[in-house]
Every structure is written in C-alpha cells, then in structure tokens.
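Novice:
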Amino acid sequence: MRSDIQKMISENKVCVMATVADGAPHCSLMSYATDYDCCEIYVATLKDTKKYRNLTANPSVSLLIDTRDADPKGKTRALTVTGIVQTINNDKKIAEIRKALLKRHPDLNDFFNNPDAQIVVIKATALQLLDNVTDSYFEHLA
Numbered sequence: 001m002r003s004d005i006q007k008m009i010s011e012n013k014v015c016v017m018a019t020v021a022d023g024a025p026h027c028s029l030m031s032y033a034t035d036y037d038c039c040e041i042y043v044a045t046l047k048d049t050k051k052y053r054n055l056t057a058n059p060s061v062s063l064l065i066d067t068r069d070a071d072p073k074g075k076t077r078a079l080t081v082t083g084i085v086q087t088i089n090n091d092k093k094i095a096e097i098r099k100a101l102l103k104r105h106p107d108l109n110d111f112f113n114n115p116d117a118q119i120v121v122i123k124a125t126a127l128q129l130l131d132n133v134t135d136s137y138f139e140h141l142a
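Under UniProt numbering, the residue at position 121 of the sequence shown is numbered 121, and the numbers go up by one with no gaps.
1) Quick check on the DSSP output: the beta strand (DSSP E) that includes D135 runs from which residue to which?
2) Under three-state DSSP, which class holds P106?
3) Mind checking who Q86 pairs with in its DSSP beta bridge?
4) Compare the beta carbon distance of N12 and I94 with 9 Å and say whether it is the shorter of the two.
5) From the DSSP secondary-structure annotation, give me the bridge partner or partners of A21.
6) Measure the alpha-carbon distance for I88 versus V121 and round it to whole angstroms.
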C-alpha cells in the first residue's frame, strides 16, 4: 500500500460503507479504526440493523474515505477500499479492536460497549484513489 494512501486512511476517522443484499445497495456513515498497516479496518454496528443483515448475507463491502473536510475548497482525494468482512471469534482480539475504536472515538463509548454492538473487521482487498477528477490509481492487495 502506498504511504500516501496509508496516511489518508489513518488520518481520517469516518467513512461511508456500502453493503448489498437482495441486489440493493445500502450506504452507512461509519466511524472506524485500523490495524497498524491499515489493511484491516474496524467498525461496529448494532446487530438489529439493515447494515448488519446485509453484512451477514454478503460479506463484500466498499468503503469511501475522502478529504473534503480537510480541505473543502482544495484538491479533493477520494479513496475507495474494497474489502471482505472477516469473522473474529477471538475474545482478546475483539477487546483489542474495541479498545482501538474507543481510543479514536471516545465520544462513542456507550455505543461501542453496548452488548448488541457487533465488531466488524474488514480486510482490504483493493484500493482505488482518485485525485481531483481525472487522476486515478488502483492497487490490488494480496
């Protein structure tokens, strides 16, 4: 992963997550955290949501991270992260992810500690970076 892409992922805190079920797309604004190299992106959702039902029906997701807030009148960059939701059954790893989410988003403490909140791990499989309107870069991740 290019260092500028890794920096963009690590410096932002929210993304738009697109899921699909029954052939229909659904977008959700998500707060996120990442692992050390930004290849895993962590989010949380309540189990009784359309988003969670979509994720369990189809683990393929797309995330959009952009720089509009950082420089609203300047050069906008938009990053699409394609990924697969991975099931994590390790309580220690789930606790570590929850801690990372809380560190980045302390205002969401009640949400992340809700017993119905499900930690979701997205393994990035591809990246597409758009600089302004015309410059595009694609990278497939192993």
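From the three backbone atoms N, C-alpha and C, an ideal C-beta is built for every residue, glycine too.
Specialist: The relevant details are as follows:
1) D135 to H140
2) helix
3) V121
4) no
5) A24
6) 7 Å
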